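For the working numbering, add 37 to where a residue sits in the sequence shown, where the first one is 1.
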Amino acid sequence: MSAMAVLHLRGVTKVYHMGSVDVRALNGIDLDILDGDYVGIMGPSGSGKTTLMEILGCLSRPTDGAYTFSGERVDRLDDGGLALLRGQRIGFVFQTFNLLPRLTAIENVELPLLYRRTPRRERRRAAVEMLDRVGLGSRAAHRPNEMSGGERQRVAIARALVNQPAVLLADEPTGNLDSATGETILELFEALHHDGQTLVLVTHDPRIGERVGRVVRLRDGVVESDQRRTGISKDPRFGDHPAS
Ligand code: ADP
Ligand code: MG
Numbered sequence: 038m039s040a041m042a043v044l045h046l047r048g049v050t051k052v053y054h055m056g057s058v059d060v061r062a063l064n065g066i067d068l069d070i071l072d073g074d075y076v077g078i079m080g081p082s083g084s085g086k087t088t089l090m091e092i093l094g095c096l097s098r099p100t101d102g103a104y105t106f107s108g109e110r111v112d113r114l115d116d117g118g119l120a121l122l123r124g125q126r127i128g129f130v131f132q133t134f135n136l137l138p139r140l141t142a143i144e145n146v147e148l149p150l151l152y153r154r155t156p157r158r159e160r161r162r163a164a165v166e167m168l169d170r171v172g173l174g175s176r177a178a179h180r181p182n183e184m185s186g187g188e189r190q191r192v193a194i195a196r197a198l199v200n201q202p203a204v205l206l207a208d209e210p211t212g213n214l215d216s217a218t219g220e221t222i223l224e225l226f227e228a229l230h231h232d233g234q235t236l237v238l239v240t241h242d243p244r245i246g247e248r249v250g251r252v253v254r255l256r257d258g259v260v261e262s263d264q265r266r267t268g269i270s271k272d273p274r275f276g277d278h279p280a281s
């Protein structure tokens with residue numbers, strides 16, 4: 038395994054049982070996500086993108102194959118171990134933001150730390166820092182219904198980052214936003230990437246595909262292509278060579 042691989046998948050397969058029919062959603066995925074990678078997962082509907090994100094994010098386990106997360110064999114964890122890893126090491130951003138409507142922006146951002154029983158003052162300090170990071174320091178006391186879609190998504194990104202996750206996963210993060218607002222979210226992802234955050238996002242949007250550092254294309258549950266873009270990273274190892 039590469040020393041830099043945060044996420045390491047070998048032969049990952051996912052089979053859904055639908056009555057008497059087996060649906061092979063993933064069919065032997067080999068993939069290494071490296072520390073600092075900015076990856077776009079693309080592919081036609083039904084190609085396995087969401088299934089792959091659920092496995093990467095420890096929301097489900099592979100039916101077969103090996104998944105190693107920062108050196109830990111995820112496919113061998115029980116549900117409790119999976120939930121712990123998910124809560125402490127992974128940040129999620131969803132198309133629909135998934136904020137709690139009765140909580141203010143800062144309370145939403147504090148939530149993952151509440152689950153970890155972080156002391157109140159430390160929670161508040163970390164949440165303020167993250168809201169500032171996403172440019173929403175002045176909106177801390179607003180509830181989601183008092184914010185625009187782009188602001189809500191930025192709160193969701195702050196919430197996803199407050200645990201300092203090893204990887205930020207986003208499923209169509211700009212899918213519910215107009216293109217100008219989507220652009221501000223992309224700029225935020227690019228700033229996070231610049232700061233070294235590992236990011237993996239699912240997107241249908243070819244414009245996003247042109248801006249990530251690496252595009253992994255799925256088709257029928259396998260990796261059809263995996264290409265790094267030159268010039269986006271300062272790291273000379275992330276050069277022109279094919280990633281696979
Ligand atoms: P994508 O996100 O690329 O559209 P999915 O991962 O959602 O692809 O789906 C891949 C395949 O697995 C599809 O054939 C889909 O119908 C099937 N599938 C996904 N989720 C389930 C499920 N919970 N139960 C049964 N089949 C599923
Ligand atoms: Mg999907």
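All residues carry an ideal CB built from backbone N, CA and C; glycine is no exception.
This structure is a prediction, so every number in the text was calculated from the model and none was measured.
Check your understanding: Around the ligand MG, which residues pass a check of Cβ closer than 6 Å to any of its heavy atoms?
Key -> Lys86, Thr87
Review point. Exposed or buried, threonine 88, counting other C-beta atoms within 10 Å across all chains shown (16 or more means buried)?
Key: buried
Check your understanding: Taking 7 Å as the cut-off, is the CB of tyrosine 75 close to at least one heavy atom of the ligand ADP?
Key -> no
Point to revise | As assigned by DSSP and simplified to three states, the class of histidine 54 | key: Histidine 54 falls in the strand class under three-state DSSP.
Practice item. Look at valine 252 and glutamine 264 and say whether their C-beta atoms are less than 8 Å apart. Key: The criterion of a C-beta distance shorter than 8 Å is satisfied by valine 252 and glutamine 264.
Check your understanding: By how many angstroms is the C-alpha of phenylalanine 134 removed from the C-alpha of serine 82?
Key -> 21 Å
**Study point:** Per-residue burial, proline 156 [other beta carbons within 10 Å of its own, 16 or more giving buried]
**Key:** exposed
Point to revise | Exposure label - aspartate 208; buried when at least 16 CB within 10 Å | key: buried
Exercise for review: For valine 76, name the three-state secondary structure that DSSP assigns.
Suggested key: strand
Practice item. Within its chain, find whatever has a CB closer than 6 Å to the CB of glutamate 261; leave out the 5 residues flanking it on each side and keep chain order. Key: Hits under 6 Å: Arg254.
Point to revise | Distance between beta carbons of aspartate 69 and alanine 42, contact taken as under 8 Å | key: 4 Å
Exercise for review: Flag tyrosine 104 as yes when its Cβ comes closer than 7 Å to any non-hydrogen atom of the ligand ADP, and as no otherwise.
Suggested key: no
Check your understanding: Would you report the Cα separation of glycine 65 and valine 49, rounded to the nearest angstrom?
Key -> Computed Cα separation, rounded: 5 Å.
Review point. Regarding methionine 41 and the ligand ADP, is the C-beta to nearest heavy atom distance less than 7 Å?
Key: Outside the cutoff, so no.
Practice item. With a threshold of 16 other CB atoms inside 10 Å of the CB of valine 130, please say whether the residue is buried or exposed. Key: buried
Exercise for review: Go ahead and pull the three-state DSSP assignment for glutamate 159.
Suggested key: helix
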